[in-house]
Amino acid sequence: MFIYITKRLLWVIPTILTVLLLLFSLSYLLPGDPADIILGPRATPEMAAELESRLGLDKPWYQSYLIYLQNIIKGDLGTSIFRDRSVLTVILDVLPYTVILTLSGMGLAVFNGISIGLLAANYNNSYFEKFLTILSFITASTPTYIAGVLLIVIFSVNFNLIPSIGIGDGGILSSLRHLIGPALALSVGWTGYIARLTRSSMLETLDQEFIQTEKSFGIPRYYILYKYALKKAIKPIIAVIGLGIGRLLGGAVFVEVIFNRPGLGRLIVDSVNERDLPLVRGGVLVAALLFVIANLIADISYAFFDPRIKQK
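Quick note: to get our numbering, add 340 to the position in the sequence shown (first position is 1).
Written out as structure tokens, the structure reads:
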């Protein structure tokens with residue numbers, strides 16, 4: 341297992357270097373003069389020269405890239421053009437909101453998805469199972485932004501059960517009430533996906549020989565279902581959690597905009613609209629790091645459930 345984990349850790353290095361190269365290339369891929377695009381037509385030559393110096397455009401690209409890498413290693417993501425603050429400071433101000441939202445959404449998706457999948461597997465070939473299967477397909481195919489709008493219209497506008505915007509007044513209960521809607525909207529798609537994955541994995545596991553042996557000993561079905569089958573069937577779910585967190589980070593952009601919440605996704609959208617290139621680079625880099633870390637944790641967690649990897 342040590343070799344497996346080491347290989348996964350080593351793969352992180354080229355992944356991050358590729359992301360850094362792509363982010364660095366943004367200033368060279370913009371059509372026209374980046375300084376004119378960012379500052380607008382009223383920018384003076386002095387302002388343009390200062391911005392080009394801050395972005396490293398006054399040096400050969402390879403020198404600028406090395407300087408960019410050195411700054412990243414030191415934790416210096418640059419300075420926001422329009423906020424005149426450290427990019428890292430700006431990101432850290434909003435990052436906790438996105439992390440809490442993403443983990444809450446994934447937690448709901450895993451809990452609800454596994455519950456629905458278990459029920460569908462337990463009542464296989466019944467009308468109830470068909471209903472749950474249809475429900476899983478509907479939720480899995482529902483885009484995050486549509487789920488968010490529907491939740492606001494139904495539960496905020498019509499029934500006034502959950503707040504529609506904001507993050508609350510800072511209190512725990514208020515924050516939780518304002519988190520329910522966004523977390524549910526973010527979890528909808530992956531709830532259906534995990535439910536379908538759980539059902540198919542459980543049915544495959546329940547047909548295996550060791551399960552039939554347990555049944556022959558007269559062990560109750562619910563005990564077999566939760567004690568033996570679920571432990572084996574949960575492996576593919578663990579494998580997709582890292583990918584799911586990455587997808588939910590992308591979905592958080594829509595959720596944060598729809599529910600008017602601060603967060604990394606909303607910050608990236610705002611910085612793109614403002615043409616704040618250092619902030620765009622920093623925000624995307626942090627999002628990419630979170631995606632890589634989530635996948636790495638999922639891979640390592642999967643190793644503990646797979647005896648073939650443990651033996652390596």
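By construction, the Cβ of each residue, glycine as well, lies at the ideal position given by its N, Cα and C atoms.
Check	Outcome
DSSP-derived helix/strand/coil call for Thr384	coil
Which residues DSSP lists as bridging Ser426, in chain order	Thr419
Where the alpha helix (DSSP H) through Val489 begins and ends	484 to 491
From Pro354, Lys399, Gly457, residue whose alpha carbon lies closest to that of Arg539	Gly457
Leu546 versus Val430 - alpha carbon distance	50 angstroms
Gly447 to Gly532 span [Cα, whole Å]	13 angstroms
With 16 other Cβ atoms within 10 Å as the buried cut-off, status of Thr346	exposed
Anticipated Cβ contact below 8 angstroms, Asn462 with Leu526, distance rounded	No, Asn462 and Leu526 are not in contact; Cβ-Cβ is about 27 angstroms, not under 8 angstroms.
Helix, strand or coil at Arg348 according to DSSP, with G and I counted as helix	helix
Beta-carbon separation (whole angstroms), Val632 vs Ile421, contact threshold 8 angstroms	Actually they are not in contact, since the Cβ atoms of Val632 and Ile421 sit about 27 angstroms apart, beyond 8 angstroms.
Segment contact, 8 angstroms Cβ cut-off, at least three pairs: the segment 357 to 365 with the segment 616 to 634	yes
Beta-carbon proximity of Gly508 to Ser514, cut-off 8 angstroms	yes
Whole-number beta carbon distance between Gly445 and Leu636, since they are thought to touch under 8 angstroms	At roughly 20 angstroms, the Cβ-Cβ gap does not stay under 8 angstroms, so Leu636 and Gly445 are not in contact.
Status (buried if at least 16 other CB within 10 Å, exposed otherwise) for Arg425	exposed
Cα-Cα separation, Arg621 to Arg423	15 angstroms
Contacts around Thr438, its chain only, beta-carbon distance under 8 angstroms, and the 5 residues preceding and following it disregarded	Leu589, Ala592, Glu596, Gly603, Leu604, Gly605
Proximal residues to Leu409 (C-beta, below 8 angstroms), its chain only, five neighbours per side dropped	Leu360
Alpha carbon of Leu350 to alpha carbon of Lys399, nearest angstrom	31 angstroms
Length of the line joining the Cα atoms of Tyr563 and Asp433	46 angstroms
CB contact flag (Arg536, Ser466, <8 angstroms)	no
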